[in-house]
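In terms of our numbering, the sequence shown opens at residue 423 and continues consecutively.
Cβ atoms here follow ideal geometry from the backbone N, Cα and C, with glycine treated the same way.
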Amino acid sequence: MTSSAIRYSRGADGIVTLTMDDPDAPVNTMNDNFMLGLREAVDRLESERADVVGVLLTSAKKSFFAGGDLNRLRASDAAHAAEETAYINAMKADMRRLEKFGRPVVALIGGAALGGGLEVALCAHHRIAADVRGSQLGLPEVSLGLLPGGGGISRTVRMLGLQKALQEVILPAAKFSPRAALEIGLVDEVVGDPAEMAERARQWIADNPAPVKPWDAKGFRLPGGDVRDPRVATMLPALPSLLRKQLKGAPLPAPRAAVAAAVEGAYVDLDTASLIETRYLVSLTIGQVAKNMIKAFFFDLQHINSGGSRPAGHPTSTAKKVGVIGAGMMGAGIAYVSAKAGIEVVLKDVSRDAAEKGKDYARGLEAKAVARGRTTREKSDALLARITTTGDPADFAGVDLVIEAVFESMPLKQEVFREIQEIVEPDAVLGSNTSTLPISIMAGGVKRESAFIGIHFFSPVDKMPLVEIVRGAQTSDETLAKVFDYVLRIRKTPIVVNDSRGFFTSRVIGRFIAEAVAAVGEGIEPASVEQAALQAGYPVGALQLLDELTLTLTQKIRIETREAEEAEGKTWVEHPSEPVVDWMIEQGRAGRRVGAGWYDYDANGGRLGIWPGVRERFGSGRTVVPLADLQERMLFAEALDTIDCLDDGVLTSVADANIGSLYGIGFPAWTGGVLQYVNQYEGGLAGFVDRARALAAAYGDRFLPPASLVERAERGDLYE
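In structure tokens:
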């Protein structure tokens, strides 16, 4: 450890530049180096106070400041809670000394300032941000199971008011562009060129020689009124309702702790509020949920995005021209995100008119972005110009990456590839967006099987962050590397799986749905099944999800999978959900698309309530089981099948399993992902095995733990 994480330089004009530059790390974080460097810098400022005119707080890194030291936070435990509390409060005390130093402090934010990074900047009297590519500002801690405990809550509440700080910054864990941060009030100026920041800062220092933060001035009141103000007092009772709406009963302690810290802190002065904030932060860091979420959303995600599953030895590639076949919802979305990443796109359908309808999707998204100030008309026009529509296969000349997104039919998909394979570049990648059809079989219809690969996007493409890359039996490392690079370029997260029916995500989410359907078939009240899923942390209930996917699709996949397995000589084991789904389809209840599924729908497709016929058929309410059983049947069904995916070689990476389950199929965020759920289960893997056996005894052998899990538990190992 070195103590030069902050360099101190005083110019002839009396302005001190504090340059944050941790010599032991690629980014600045709130670690021991920073803590020592900050203390030394503030000590020196105070000793040279008479000669100091102002302070510029800047960074030598590409980002301004990356945030808290997540390694330290993840290692925190109850035995060291008092030590951790003292550590955080000591750092915040030095940040407070800088804030009350008596000279103007200006933060020059030339890159990302997230979490602790923004909290450092909030200590300054004035914040100037450069509008550079990739720069984001915000307090995303709640999304990691934490809260902004470095002054983020106590200061934003005093800057923005209690309601605005909670609802627009803290609870959504929002990340803002520099201009959006200016609009909401987190920064004071935005410049287009980072070189302008210092000059602007010096001018501000000259104009404001002795600034005082509003909350340090006599008579300060919170914007919008303090907690005793009737306007705010009437809002406070609504906060529990706001949390219920956001969490739906999921066991996520961070949002609740953030609200408590904000409200309690609003009753007192900033220094006392800071202590309250720390107390709530430490209560989270010593808990398991924060450890789960930090592992997944930081460490697992970092492993993936740094190329953890990318074949080594292949140079980084850049797709020059993407050809998308099929201009439906998926194809239109793929064309849009590719063009947004600066790639030329040819969008093909049966006719140019049909392809133009697909391009209308991009036009609509861009029109909204321009109207909301998220892009300019010039940039929008340039993006749309990168999408060429056609009905002619000849226009695929020059394409070096093909992504097929037509109807889920093996013969149709093979036919569209045969139509273009001689037209595209000789080394073009041939990718299919299929969600279930075997890639290795589909590849048999093209001449270059080594160039064939699955590129499974999720809907809606412009919003969903995950892409499941499916490696076929003949897919080359070079092809996989090219697609991995493409996915990163379009700013999505790639996971890599090996070919199998349903791959990973479609296969495992089917277990979640099947278990919920089986419970309804047993006579359990369907509303209870849906509520159990929500309270377990799933974003939607399984029956609602099945209505969106359509029951006929799941039936079709099941029939095809059964036929394939029996053709291989395997014995098909019927799941108790199967006759339930078949009966629903016989009643014409195929899902929302036909206006009738588990739920009834109005003329506009709005969900009305569970169809009464379900309760009549299955005697809903005659069977009552513990809520924990309902929840764990769904969670365990997915976890056990994921372990089977590892055993079968479909999955080769724990990080891919965790992130794929979180980003692709809505596995509850508090778990840190499907395999981390197994790791962190009470009693560890041994406890998970015992509970699986208990579920098997009560609900069927499908819950029996596989031998690989039992052996791992006996060794005391985890999924890492």
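Are A903 and H736 touching if we call contact CB-CB under 8 Å?
yes
Check for me: the beta strand (DSSP E) holding G867 runs from which residue to which?
It is not in any beta strand (DSSP E) - G867 carries neither H nor E in the DSSP assignment.
Just to confirm, are V1100 and Y1141 a CB contact at a threshold of 8 Å?
yes
Please determine, among T901, V838 and A529, the residue with the shortest C-alpha to C-alpha distance to D849.
T901
Ignoring anything shorter than 4 residues or poking outside the region 571-636, list the alpha helix (DSSP H) runs there in chain order.
Correct list: 574-582, 600-606 and 618-629.
Would you list the residues sitting across from D723 in a DSSP beta bridge?
Reading off the sequence, residue 723 comes out as Leu, not Asp. DSSP lists no partner for L723.
Please name the residue, chosen from I842, V746 and G1013, that lies closest to R870 on a Cα-to-Cα basis.
I842
Relative to the C-alpha of A718, which candidate in A552, I1081, G795 and Y758 has its C-alpha closest?
I1081
Please name the residue, chosen from D444, T694 and E521, that lies closest to V464 on a Cα-to-Cα basis.
E521
In chain order, what residues of the same chain have a beta carbon less than 8 Å from the beta carbon of V939, not counting five sequence neighbours either side?
A964, L965, L968, S999, V1002 and V1003
Report the rounded CA-to-CA distance for K801 versus G991, giving the unit in angstroms.
57 Å
The beta strand (DSSP E) with E766 in it runs from where to where?
E766 to K770
Distance check for T441 and D629, CA to CA, integer angstroms please.
23 Å
Flag this pair as yes or no: are the beta carbons of P860 and D921 separated by less than 8 Å?
yes
What are the partner residues of A418, as DSSP defines its beta bridges?
The shown model of the chain, from 423 to 1142, leaves out residue 418, and the question about it has no answer.
For V878, name the three-state secondary structure that DSSP assigns.
According to the sequence shown, residue 878 is His rather than Val. In the structure shown, H878 sits in a strand (DSSP, three-state: E or B).
Within the chosen definition, does the region 643-650 reach the region 680-689 through at least 3 CB pairs nearer than 8 Å?
These segments touch.
Judging by CA-CA distance, which residue of R796, T810 and R525 is the nearest neighbour of D775?
T810
Counting only runs that start and end within the region 1021-1108, where is the beta strand (DSSP E) found for 3 or more residues in a row?
1021-1023 and 1029-1032
Comparing C-alpha positions only, which one of G853, M752, R785 and L806 sits nearest to F829?
M752
Quick check on the burial criterion: 16 or more other C-beta atoms within 10 angstroms. Buried or exposed for A816?
A816 is exposed by the Cβ-count criterion.
Determine the contact status of V942 and V905, defining contact as a CB-CB distance below 8 Å.
V942 is not a Cβ neighbour of V905, given a cutoff of 8 Å.
Give me, in chain order, the residues of the same chain whose beta-carbon lies closer than 8 Å to that of A396; leave out the 5 immediate sequence neighbours on both sides.
Past the edges of the chain, shown from 423 to 1142, lies residue 396, and the structure says nothing about it.
Taking the DSSP output, what are the residues bridged to R481?
Sequence inspection shows Ser at residue 481; the Arg mentioned does not correspond to that position. According to DSSP, S481 bridges with M442.
Since I believe G476 is in contact with I627 (beta carbons under 8 Å), could you give me their beta-carbon distance rounded to a whole number of angstroms?
4 Å
What does a CB cutoff of less than 7 Å around L569 pick up in its chain, not counting 5 residues either side in sequence?
Once the five neighbours on either side are set aside, the close Cβ partners of L569 are E563, I575, A676, A679, A680, A683, Y702, L703 and L706.
Quick one: is Q376 buried, meaning 16 or more other Cβ sit within 10 Å of its Cβ, or exposed?
Residue 376 is absent from the model: the chain starts at 423 and stops at 1142.
State yes or no: is the C-beta of D884 within less than 8 Å of the C-beta of G1086?
No, the pair does not count as a contact, with Cβ atoms beyond the cut-off.
On the criterion of 16 or more Cβ atoms from any shown chain inside 10 Å, does G524 qualify as buried, or is it exposed?
Classification for G524: exposed.
Report the option in M517, P882 and T797 whose CA atom is closest to the CA atom of K914.
P882
So, at 6 Å on beta carbons, what are the nonlocal neighbours of I935 in its own chain, with the 5 sequence-adjacent residues on each side left out?
A964 and L968
Could you pull out every residue in the same chain whose Cβ sits closer than 6 Å to the Cβ of G876, ignoring the five residues on either side in sequence?
S854, I861 and V892
By Cβ distance below 7 Å, which residues in the same chain neighbour Q710 in space, the five residues on each side in sequence not counted?
Non-local beta-carbon contacts of Q710 in its own chain, meaning distances under 7 Å to residues more than five positions away in sequence, involve Q1102 in chain order.
By Cβ distance below 6 Å, which residues in the same chain neighbour V400 in space, the five residues on each side in sequence not counted?
No answer is possible for residue 400: it lies beyond the span of the chain, which begins at 423 and ends at 1142.
Tell me which residue opens and which closes the beta strand (DSSP E) that K743 is part of.
K743 to I747
What are the boundary residues of the beta strand (DSSP E) that includes A551?
Unbroken beta strand (DSSP E) run through A551: H548 to A552.
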